[in-house]
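Protein chains in written order, with the numbering used here: chain W, 1055 to 1230; chain P, 1349 to 1823.
Shown next as structure tokens:
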């Protein structure tokens, strides 16, 4: 474990609309949410949690550009410097014929790069076990989690009452 | 949730499902003992796969001569099968990528299975160029790697090499796209499992937690991969068509090939999706997720693309005549009336005439006719590739070289064998992974569930707004 175990207080909600209301309420109450877990992407959640837009697609553009350059410059080097051959009376540097491979390599680099980046920054890989709060989060429960390390009893009680007053069907705590 | 939905839209999820019920329904087939139907199907598929392995062994041991190809007809069933399988793969990408960009919600019921079909079909397709090399163990020669012969590079100007890049990129990207979509659903299966099963699914679900930030990135990734796959899928069959179109053989050297091949690919792919889904929804009891509405939508695509293909066939004939070029005219006259006339008739009947049935709504919504038609289209599209390849080669420039070709048992075995490979993989997939995208179905439940829209909807959200008869009857 890279850092100390987290003590987590969490509430499970039965519907994403109740969850959204609760998150909005938490924002108004200035409660610091550790994370929200859901069985599917809940739209409208990101701005409430203050999550900025993912920059994954920007990374994808960079990977794609690297792919474009790699393919095009490599073919250029092969056919103009390393081993020039005339095919069908065309110029050595026959750019239109390079387009299909350049395109394919662009797509390949962008896709592979983005997917690898995605799993890396999410801390995911084959065989990795990340701690989860409840098995039903991947089924039908929507979860708001607060970290309670070093929180006073009064603060924990306040969070508990927040969770149950905003419609959580269950309130539990767990150390992960 | 927020997007407005027209009240006349048909629901895409029937049976008044809750989130939990969706999980139960879709995970159930992976959690119970396989049915007798599955076991029998699996045994047949594995038997065909065994035949495939035997025939590949035979081809490599005896040589390509065992296919009875000859100097004139150098491409026979092998390349026909290659193009056929690649084409089938295209529907999966179309459903998963293009329909995602077009915000077609009905894709959600079928995208997972269709993407799996894409991957398995491309695997089958890739077999043929490889075994056609004869010396399979030298297959790595097709990649530009630094070698001790110069290094001597591959010909980057050759459409056959473009094909290598297109097919391998297509396979890789489809696999990544499919698996990334699968990860949250594998986590769902993981969280329901215990013991060894849980360990296995834990391994394959990569430690998914369902965190809000992860979902945000996951959606961003899916959207960009869809955006990349869309031009990719169009490029792949375009490049496959270049294998023919950039040659100087009359009947192949035509500019219509790229769009015509892509339309044909989507056409045959949707037919294969129908074949698979009509059976899968029945065997897995998924009729409430893959509804008649889904089947009808796909039949509309089949009607459209089948008609596009028909127009392309007629355009080819017209252009051949209009070109005034005697070799071109001969090539097409030979296609229709030559020694392989029967395959042209098969192609025209199955691809152009038979889909016209789908102008009738009753036909589009009939499972029986959908299944029959899907088989017809698959046969027709196989004939199309055979017509293009074999009939054209059989009558080349030099009448003294004219020839006829019939496949040997080895070639037939290879084709049947790839069907075995395909169905073995698909049947395993249908047992171990959710065949419908669970998370995506849940995310459209409130806009497409029949308790929210359609005639059975309960108007608990917008009671004041509804002016339909159902509210009047409350008073």
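Glycine is no exception: its CB is placed at the ideal position from the N, C-alpha and C atoms.
All values reported here derive from a predicted model rather than from experimental measurement.
Exercise for review: Could you tell me how far apart the beta carbons of residue 1629 of chain P and residue 1621 of chain P are, in whole angstroms, since I believe they sit closer than 8 angstroms?
Suggested key: Actually they are not in contact, since the Cβ atoms of residue 1629 of chain P and residue 1621 of chain P sit about 11 angstroms apart, beyond 8 angstroms.
**Study point:** Limits of the unbroken beta strand (DSSP E) element including residue 1064 of chain W
**Key:** 1061-1067
Practice item. Output, in sequence order along the chain, the residues in the region 1140-1170 of chain W whose CB is closer than 8 angstroms to any CB in chain P. Key: 1141, 1142, 1144, 1148, 1151, 1152, 1154, 1155, 1157, 1158, 1159, 1161, 1162, 1164, 1165, 1166, 1168, 1169
Point to revise | Exposed unless 16 or more other CB atoms sit within 10 angstroms - verdict on residue 1465 of chain P | key: With 16 or more Cβ atoms within 10 Å of its Cβ, residue 1465 of chain P is classed as buried.
Check your understanding: Distance, Cα to Cα, residue 1424 of chain P vs residue 1751 of chain P?
Key -> 12 angstroms
Review point. Mind pulling the chain W residues with CB within less than 9 angstroms of residue 1583 of chain P?
Key: 1154, 1157, 1158, 1161
**Study point:** Delimiting residues of the alpha helix (DSSP H) encompassing residue 1462 of chain P
**Key:** 1455-1480
Review point. Under 8 angstroms Cβ-Cβ, which residues of chain W neighbour residue 1565 of chain P?
Key: 1108, 1110, 1172, 1175, 1176
Review point. Does DSSP classify residue 1822 of chain P as helix, strand or coil?
Key: Reliability fails at residue 1822 of chain P, whose pLDDT of 42 lies under 50, so the model's placement of it is uncertain and the value that follows must be treated cautiously. In the structure shown, residue 1822 of chain P sits in coil (DSSP, three-state: anything other than H, G, I, E or B).
Check your understanding: What number of angstroms, rounded off, separates the C-alpha of residue 1810 of chain P from the C-alpha of residue 1222 of chain W?
Key -> Any reading at residue 1810 of chain P needs caution, since the residue's pLDDT is 47, under 50, leaving its predicted position unreliable; the model's value is listed next. Between residue 1810 of chain P and residue 1222 of chain W, the C-alpha separation is close to 24 angstroms.
Exercise for review: Would you decide whether residue 1566 of chain P is buried or exposed? Buried here means 16 or more other CB atoms lie within 10 Å of its CB.
Suggested key: buried
Review point. So what does residue 1089 of chain W bridge to, in DSSP terms?
Key: W:1199
Review point. Between which two residues does the beta strand (DSSP E) containing residue 1226 of chain W stretch?
Key: 1224-1229
Review point. What are the uninterrupted segments assigned as alpha helix (DSSP H) that are 4 or more residues long and contained completely in the region 1359-1447 of chain P, given in chain order?
Key: Complete alpha helix (DSSP H) runs here, min 4: 1367-1379, 1384-1410, 1425-1441.
**Study point:** Contact with chain P by residue 1099 of chain W, beta-carbon distance below 7 angstroms
**Key:** For residue 1099 of chain W, the answer is yes, since a Cβ of chain P falls inside 7 angstroms of its Cβ.
Check your understanding: In the region 1524-1604 of chain P, which residue ranges form an unbroken alpha helix (DSSP H) of at least 4 residues, counting only runs that do not cross its ends?
Key -> 1543-1552, 1560-1593
Point to revise | Contact set between residue 1184 of chain W and chain P, taken where Cβ atoms lie within less than 7 angstroms | key: 1555, 1557
Check your understanding: Cβ of residue 1645 of chain P within 7 angstroms of Cβ of residue 1454 of chain P?
Key -> Going by C-beta atoms, residue 1645 of chain P is nearer than 7 angstroms to residue 1454 of chain P.
Exercise for review: Report buried or exposed for residue 1119 of chain W, applying the criterion of at least 16 other Cβ atoms within 10 angstroms of its Cβ.
Suggested key: exposed
Review point. Near residue 1780 of chain P, what residues of its chain come up, given a Cβ to Cβ distance below 7 angstroms and the 5 sequence neighbours on each side ignored?
Key: Cβ neighbours of residue 1780 of chain P beyond the five flanking positions: 1378.
Check your understanding: Are three or more beta carbon pairs between the region 1075-1087 of chain W and the region 1168-1187 of chain W nearer than 8 angstroms?
Key -> no
Exercise for review: Can you give me, in chain order, the residues of the region 1194-1211 of chain W that have a beta carbon less than 7 angstroms from any beta carbon in chain P?
Suggested key: 1194
Check your understanding: Grouping DSSP H, G and I as helix and E and B as strand, with all else coil, what is residue 1797 of chain P?
Key -> strand
Exercise for review: Would you verify that the beta carbon of residue 1094 of chain W is, or is not, closer than 7 angstroms to some beta carbon of chain P?
Suggested key: Cβ-Cβ to chain P under 7 angstroms: yes for residue 1094 of chain W.
**Study point:** Reduced DSSP category for residue 1137 of chain W - H, G, I as helix; E, B as strand; rest coil
**Key:** Here residue 1137 of chain W sits in coil by DSSP.
Check your understanding: Under 6 angstroms from any heavy atom of the ligand NAD, does the C-beta of residue 1535 of chain P make it?
Key -> Although the ligand NAD was asked about, the structure shown includes no ligands whatsoever.
Exercise for review: For residue 1224 of chain W, collect the residues of the same chain with a Cβ closer than 6 angstroms to its Cβ; drop the 5 residues on either side in sequence, then sort them by chain order.
Suggested key: 1066
Check your understanding: What residue from P:1766, P:1799, P:1786 has the CA that sits closest to residue 1392 of chain P's CA?
Key -> P:1766
Exercise for review: Show which residues of chain P have a CB atom less than 8 angstroms away from the CB atom of residue 1180 of chain W.
Suggested key: Here the neighbours are 1551, 1552, 1554.
Exercise for review: Please work out which residues of its chain come closer than 7 angstroms, Cβ to Cβ, to residue 1110 of chain W, disregarding the five sequence neighbours upstream and downstream, and give them in chain order.
Suggested key: 1168, 1171, 1172
Exercise for review: Check the Cβ-Cβ distances between residue 1134 of chain W and every residue of chain P, and say whether any is below 7 angstroms.
Suggested key: no
Practice item. Give the residues from the region 1459-1475 of chain P that approach chain W closer than 8 angstroms (Cβ to any Cβ), ordered along the chain. Key: So the list is empty, because no residue satisfies the distance condition.
Point to revise | alpha helix (DSSP H) segment containing residue 1148 of chain W, residue limits | key: Neither: residue 1148 of chain W is in no alpha helix (DSSP H) and is coded neither H nor E.
**Study point:** Among P:1388, P:1640, P:1418, nearest to residue 1716 of chain P - alpha-carbon criterion
**Key:** Nearest in C-alpha terms to residue 1716 of chain P, of all of P:1388, P:1640, P:1418, is P:1640.
Practice item. With DSSP collapsed to three states, give me the class of residue 1178 of chain W. Key: coil
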